[in-house]
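Here the sequence shown stands for residues -32 to -1, 1 to 413, numbered as in mature numbering (1 follows the signal peptide of the UniProt record, and there is no 0). Built from N, CA and C at the ideal position, the CB exists for glycine as well. Reviewing the structure listed below.
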Amino acid sequence: MLRFKPPHFLTQSLCCTWAALAVGFLSGPVQSAEKNAEKIVNVRDTGAKGDGLADDTEAIQRALDGGGRTVVIPAGTYKISAALLLDSATTLKSDDKAVIRLADHAGNDVDLFLLTNRDRTQGNKDITVEGGIWDGNNEHNTRGLKEQMPCYTGVAINFIRVSGLVLRNLVVRNPDAYAIRACHLEDFVMENLGFDFSSLRMNQDGVHLDGFCQRGVIRHLKALSPFATNDDMVALNADDGSATEYVIQQGMVPGPIRDIRVEHLRAESAFTFVRILSHKELIENVTISDVVGGCRFYAINMDRWRFPEGGGNIRNVTLRDFTIRKMPDDFSEQRGAGQRPLIHIETAVKNLRIENFNRPPQDEQTAPTLVLDTERENRVRLEGLTAQQAAELKALSPALTPDMFANDDEKAGKANHTLQLKATDAKVTLPGGGFSRLHVDDTGA
């Protein structure tokens, strides 16, 4: 069972001093309204225009500087040309109609984000970002060429070494790469996030977590445009930062990812819903549930990426209540996206459970539901198949013999299969349909 420690910021008082004054329940000495008012800063009062023409970077940053305050961004369009830096103990609240937009030709520097924390070396704590439409304006801000840049650029929102981060009720629009990227997070919540990618680019992940992220909740994520997200809606990549000769993720490092809960993902035609990547670093105690929609590549991808075969360090992962359609893909056919399975497992995993995986009958795509190919020995239990599925599975997995199947229920048209696979014959393919339960446990052999 996933043990989730409530973020420490949720255990603190729910009312700040100014709110207590407003309702008349302040128990200590009454402070002046003027002193409390200093803790709430409207960016219009520090010079922001919000007209979409003026560069509001410095004005908004003046409101943010120093931390220990709530900064308000009212409705309007705010052009910025450099990353906004958030200090500890800062709450940034934007109106739902506030658009914070990267200026045309702002550049492709590796530190050019819309939003990040100030101290990415020593870290920050207790940062909350609520509301707003955060627009990466990728049509006028393309990332640098790989040959010219030391690492990926084009990330919209970037946080490194933050304890007590909250992102909620906001929209990320048209980043050139990842919408939200993070590393070294503890006790965090990301909820009610929308992704509006009308201008598609490669690597447009929704929420992308790298090493040392733990005790987090990610919930209620929704694609607001066709083909969003154009990469992984949620990525848990423990070895992503180790990359190759090209530093894929600036500031991202390999490290464990643990105690993560992901709930309620929605997209009509995402590229991939969930990616879980490990080569050496540990990913453990992850629960992902209530995922509904269509995908062009994978619903669940547990691959080895560019690493050698036989790797992986994943354990105690539960994925439940998926209803997924395989969608045609007009962008990536050169990589065979249309024939990729909905569930792709090629990395070592201990105690993986997938429960209640549904593939609607109207899904007419021919891609398999499941391919398990870890090049290692696994104990596998697959339940809730129709008789036709069982026959097709046997035909496509010739290493399996009839005595590996047990507890067939012919009357119900269901079958409860227990499979024991050897390392040399580990590939299992389920061509179509859903199932009630899959359990995979690497034997270590």
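Exposed unless 16 or more other CB atoms sit within 10 angstroms - verdict on residue i
i, result
"D72", "exposed"
"residue 414", "Shown here, the chain extends from -32 to 413; a query on residue 414 therefore has no answer."
"N89", "Before going on, a small fix: residue 89 reads as Thr here, not Asn. It counts as exposed."
"N92", "buried"
"S(-6)", "Because the pLDDT at S(-6) is just 37, under 50, the model does not fix this residue reliably, and the value given afterwards should be weighed accordingly. Classification for S(-6): exposed."
"D13", "exposed"
"N105", "buried"
"D377", "Its pLDDT being 49, under 50, D377 is placed unreliably by the model, and the measurement read from it follows with that caveat. It counts as exposed."
"T110", "exposed"
"N346", "buried"
"A147", "buried"
"N10", "exposed"
"E154", "buried"
"Q172", "buried"
"S166", "exposed"
"G15", "exposed"
From the options, residue whose alpha carbon lies closest to that of residue i
i, options, result
"V185", "D173, R169, I225 and F165", "I225"
"L161", "V97, V221 and Q182", "V97"
"S404", "N142, C263, V39 and R349", "R349"
"F156", "V175, V139 and F275", "V175"
"N281", "G261, L364, R308 and S246", "S246"
"T197", "T240, R293 and V317", "T240"
"E249", "T25, D173, L189 and D207", "D207"
"I8", "K47, A51, S62 and L21", "S62"
"Y266", "G279, A238, E252 and F275", "A238"
"D87", "K395, L310, G35 and V259", "G35"
"R292", "Q330, P143, V339 and V285", "What sits at residue 292 in the sequence shown is Ile, not Arg. I292 has its Cα closest to that of Q330, out of Q330, P143, V339 and V285."
"A269", "V339, A145 and L54", "It is Asn, not Ala, that sits at residue 269 in the sequence shown. Per the Cα distances, V339."
"T354", "I322, P399 and E332", "P399"
"R288", "G15, D258 and V40", "D258"
"G352", "A335, N324, D178 and T59", "N324"
"S193", "D24, T255 and E236", "E236"
Counterpart residues of residue i in DSSP-defined beta bridges
i, result
"V123", "For V123, which the question treats as bridged, DSSP gives no partner whatsoever."
"T84", "L53 and N126"
"E252", "R226 and R283"
"A238", "C263"
"K7", "Looking at the DSSP assignment, K7 forms no beta bridge with any residue, so it has no partner."
"A66", "G44"
"R288", "S257 and E323"
"T110", "Answer is none; T110 lacks a bridge partner."
"M270", "I313"
"T397", "V339"
The segment 122 to 131 / the segment 195 to 205 touching (three or more Cβ pairs under 8 Å): no
Validate contact between the segment 290 to 297 and the segment 350 to 361 using beta carbons, cut 8 Å, 3 pairs: no
Complete beta strand (DSSP E) runs within the segment 316 to 350 (minimum length 3 residues, chain order): 317 to 326 and 338 to 340
Runs of beta strand (DSSP E) wholly within the segment 128 to 205 (minimum 3 residues, chain order): 148 to 164, 175 to 177, 181 to 191 and 200 to 205
Validate contact between the segment 186 to 196 and the segment 227 to 237 using beta carbons, cut 8 Å, 3 pairs: yes
Length-filtered (3 minimum) beta strand (DSSP E) runs lying within the segment 9 to 58: 19 to 23, 37 to 41, 44 to 48 and 52 to 54
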